[in-house]
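Heads up, the thing below is written out as structure tokens.
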Amino acid sequence: MKKVLAFLLAILLFLVSACGTKPQETATPEQTSSAETSKDWIVADIAGNVTAQTSVKETDDFHVAVNKDWLTSVDMSGGTMQVSSFTERAEEVKEEILALLRDSSQTSMEAKLTQQFYNTYLDMKTRNAQGMEPVKPLIEDIENIKTLEDLTDYLVNNKDKMASAPMSITVMADLKDSRHNAVYIDAPDFALGDADEYAQLTAVGERKKAAESTLFQKLLQRVGYTQEEAQKIDELAFSLETSLASVCDGQTEQNEPGYNEKIYHPVTLKEMEDMSPAFPIAGLLKDFTEAGVDRFILCQPDWLSKVNELYTEENLEALKAYMLKGTLEPLGAFLDQECLNLYNEYTSAIAGTEVAETVEDMAYTYTNSLLDMAVGKMYAEAYVSPETKKNVENMIADVVAVYRKRLENTEWLSEATRQKAIEKLDNLTVRVGYPEDWSLYDYSDISFVPKEEGGSLLTYLVSIRDHSAKRKVAQAASEVDSNLWSVSPQTVNAFYRATDNSINVPAAILGGVFYDPEASEAEQMGSLGMIIGHEITHGFDSNGSQYDKDGNLSNWWTEEDRAAFNERTQKVADYFSQFEVVNGAKVNGQMTIGETVADLGGVSCMMEIARGIENFDYAAFFKSYAHLWRTQTLAQIEEMILQSDVHPPGYLRTNAIVQQFQEFYDTFGVKEGDGMYLAPEERLSVW
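When you line the sequence shown up against mature numbering (1 follows the signal peptide of the UniProt record, and there is no 0), it's residues -18 to -1, 1 to 669, in that order.
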């Protein structure tokens, strides 16, 4: 089962963004930009930087001027790490879902399943009485490993284990044959996030490592290890991770141009066995090969060679330590209150403030994430109307039509590339609200044994894990189903998915500041309209532009057009890289290039529409746009986000974007010398 910590979700789940997970963004080589940034903008994302005494004009700091009342009214007490337009909408959705989880009159299979899990998570009386007992058999299984042969048997044949081998298995569309699914074999997720952290710890890495070690060691002591034993096990596990990380790609490399091409290594099982004669790769992939899968994508061959090198009798204790960590850390959140307190301490150490997530919060988080489509069906049926779905689909169709005209008139594109771009736009798949076919998300094979018959929260997890594993194997052995959604309806976000050339607008984003059916046309264009344009632009950003109309990784550009595109996007990256955000750290313009290009494209598309509307309210548009990115984040968390998030800080998504458009200058009277002014020759434009 995928390792998920509720408190890490709390930190990272609602990063300020208007799009979500997609294939890795790429960037272009760094070069110097002549543009100068405005030095007077307040880093408004950091809590406390804007106060009631702050006085700015729209012409000097538009983001703060428009959002000041909100920024100064946000309550960051009680362990709150971040508040944004996204988290506010997520709280609204949470209350709607909680009403469903608490409604005993619900009779559907999905309601029974989700309510049983939710209520069992809330049953702290039973969980406290059980203490650490539910996890001890899993720990004993690892302790009983005495030889490398025992470890292989454990990894391949132990159906009860919750830890996994130091690898990841992902099933998704083949990057070069989007009609068929592929099984991607890669390195595991690392505790410190970025593999590069293990070579030289940053300040953020130091905090994570200290918090991680404390959590793991205390969990070990709770299942019977001495403090000295726990420290040794922690050191062994970290040492193994460090060895693996030494040959794995870090975040910087993952954002380099052509990274998706670099990690595409189709191999047979026999070829992987030849590369790793000691590591039991065949046994670990047995379910897939028995289902008929005979081809895999090996993302990082050096990782497989390294894990094979480490898979020895001499490293047995380190490998066991890794398994102990992979068992205790994710499962501790499903045990007793003392464990939950440890997780709060862990998050507090990382956040730099006292965090006290409640059992109710965690029950919601895990029910919503582990049974996401069951919750999603309940949510969609209760809160989303077919009329809203249709209205948004019509809005997308209108934006696509305008985008097509813009591509037809993009002067720097050759006719050959232009036609390929239009062909891709015409082939865009649109998903709005919720899936049409719920039979694709069948949970009927999950059965929860009542606690009176020996069931516990951990046995429920095993059932969910087995269900997910079966679905993954079945998906791997079949063609891609275009009706299958990759996100649930209750997700507060929108996405472009390069591997099937689709725009995805889940139901939950259709509320809050993102969508109000009663808002004016200009306000709707500044919010959901811009988001739609943003997501469409992702199909033509540094990453999405590498995929063709069918979602295949394929070069459809002329060399001259790609060079012109790179020159334009590089100017965007260089401009954003000049902004210092927290503790001397600047925006990584190369890492955020996909999002900034998408923001520019989204607003450009809306400006095209606005120019055709008589007496268009540009002021309402730009203010509505600014409301999307209002955020308050603890400085320590902002530092973490800046290091790893592909989205720029919210205040820059407002100020550094709107200042690129002449309509903004004309509407608010911005002139040379104002904080929002950027000379026309320095303004950014891609699409």
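The beta carbon of each residue, even a glycine, is placed where N, CA and C say it ideally should be.
Does any C-beta atom of chain C lie closer than 8 Å to the C-beta of residue i?
| i | result |
| --- | --- |
| Ser86 | In summary, chain C is missing from the structure at hand, where a single protein chain is found. |
Can you name the residues that DSSP bridges to residue i?
| i | result |
| --- | --- |
| Asp156 | Asp159 |
| Gln88 | Partner(s): none; Gln88 has no beta bridge. |
| Gly508 | None; Gly508 has no bridge partner. |
| Asp318 | Paired residue(s): none; Asp318 is not in a bridge. |
| Gln64 | Thr615 |
| Lys568 | Glu562 |
| Ala164 | Met154 |
| Leu535 | Tyr529 |
| Val249 | Phe278 |
| Ile28 | Thr615 |
Which residues bound the alpha helix (DSSP H) around residue i?
| i | result |
| --- | --- |
| Pro312 | Leu298 to Leu313 |
| Glu80 | For the record, residue 80 in the displayed sequence is Leu; it is not Glu. Counting along the chain, the alpha helix (DSSP H) containing Leu80 begins and ends at Ser67 to Leu83. |
| Pro283 | Pro283 to Leu292 |
| Gly187 | Ala185 to Arg204 |
| Arg665 | Where Arg665 is concerned, there is no enclosing alpha helix (DSSP H), given that its DSSP letter is neither H nor E. |
| Ala219 | Gln209 to Ala227 |
| Ala173 | That residue, Ala173, is in no alpha helix (DSSP H); it is neither H nor E in DSSP. |
| Met106 | Met106 to Gln112 |
| Ile127 | Looking at the DSSP string, Ile127 is not in any alpha helix (DSSP H), and its letter there is neither H nor E. |
| residue 704 | No statement about residue 704 is possible, as the shown extent of the chain runs from -18 to 669 and does not include it. |
| Trp52 | Phe44 to Ser55 |
| Asn237 | Neither: Asn237 is in no alpha helix (DSSP H) and is coded neither H nor E. |
Just the C-alpha distance for residue i and residue j, rounded to the nearest angstrom, thanks.
| i | j | result |
| --- | --- | --- |
| Ile121 | Thr551 | 51 Å |
| Lys39 | Val46 | 8 Å |
| Asn139 | Pro262 | 11 Å |
| Leu222 | Gln199 | 16 Å |
| Val186 | Glu327 | 17 Å |
| Glu217 | Gln625 | 25 Å |
| Pro468 | Thr349 | Here residue 468 is Ser; the residue named in the question, Pro, does not match the sequence. Using only the alpha carbons, I get a separation of about 18 Å. |
| Asp354 | Ser470 | 6 Å |
| Ile279 | Lys454 | 15 Å |
| Thr3 | Phe477 | Unreliable placement is indicated for Thr3, whose pLDDT of 30 sits below 50; the coordinate value is still reported in the next sentence. Rounded to whole angstroms, Thr3 to Phe477 spans 7 Å at the Cα level. |
| Gly571 | Val628 | 9 Å |
| Ser228 | Lys568 | 26 Å |
| residue 678 | Phe558 | Nothing about residue 678 can be reported from this structure: the residues present for the chain run from -18 to 669 only. |
| Asp424 | Ala356 | 8 Å |
| Gln642 | Ser667 | 8 Å |
| Ala(-1) | Met58 | In this predicted model, Ala(-1) has a pLDDT of only 34, less than 50, meaning its place in the structure is not dependable; the value taken from the coordinates is given anyway. Computed Cα separation, rounded: 23 Å. |
| Glu74 | Leu395 | 44 Å |
| Pro148 | Phe220 | 12 Å |
| Ile595 | Gly508 | 14 Å |
| Thr399 | Ala592 | 27 Å |
| Asn297 | Asp343 | 39 Å |
| Ser67 | Val474 | 10 Å |
| Ile79 | Gly358 | 9 Å |
| Asp498 | Leu410 | 25 Å |
| Asp42 | Lys107 | 56 Å |
| Tyr304 | Glu311 | 11 Å |
| Asp156 | Asn534 | 8 Å |
If you follow the beta strand (DSSP E) that residue i is in, where does it begin and where does it stop?
| i | result |
| --- | --- |
| Leu280 | Phe278 to Leu280 |
The segment 288 to 302 / the segment 320 to 329 touching (three or more Cβ pairs under 8 Å): no
Complete runs of the beta strand (DSSP E) confined to the segment 580 to 646 [at least 3 residues]: 613 to 615
Within the segment 380 to 461, ranges of the alpha helix (DSSP H) (whole runs, at least 4 residues): 397 to 408 and 439 to 458
Those runs of the beta strand (DSSP E) which lie wholly inside the segment 464 to 509 and span at least 3 residues: 477 to 479 and 484 to 488
Meets three-Cβ-pair contact criterion under 8 Å: the segment 142 to 162 and the segment 480 to 496: Taking 8 Å as the limit for Cβ pairs, the verdict is that the segment 480 to 496 does touch the segment 142 to 162.
Sufficient close CB pairs (3 or more, under 8 Å) joining the segment 53 to 65 to the segment 626 to 638: no
Three CB pairs or more closer than 8 Å across the segment 370 to 388 and the segment 409 to 425: yes
Stretch-stretch touch, CB-based, cutoff 8 Å, three pairs: the segment 536 to 543 with the segment 399 to 415: yes
Three CB pairs or more closer than 8 Å across the segment 494 to 506 and the segment 596 to 613: yes
Contact between the segment 88 to 97 and the segment 645 to 652 (3+ Cβ pairs under 8 Å): no
Meets three-Cβ-pair contact criterion under 8 Å: the segment 229 to 249 and the segment 432 to 442: no
Three or more C-beta pairs below 8 Å linking the segment 100 to 115 and the segment 445 to 452: no
Entirely enclosed alpha helix (DSSP H) segments - the segment 346 to 374, minimum 4 residues: 354 to 365
Stretch-stretch touch, CB-based, cutoff 8 Å, three pairs: the segment 204 to 216 with the segment 125 to 139: no
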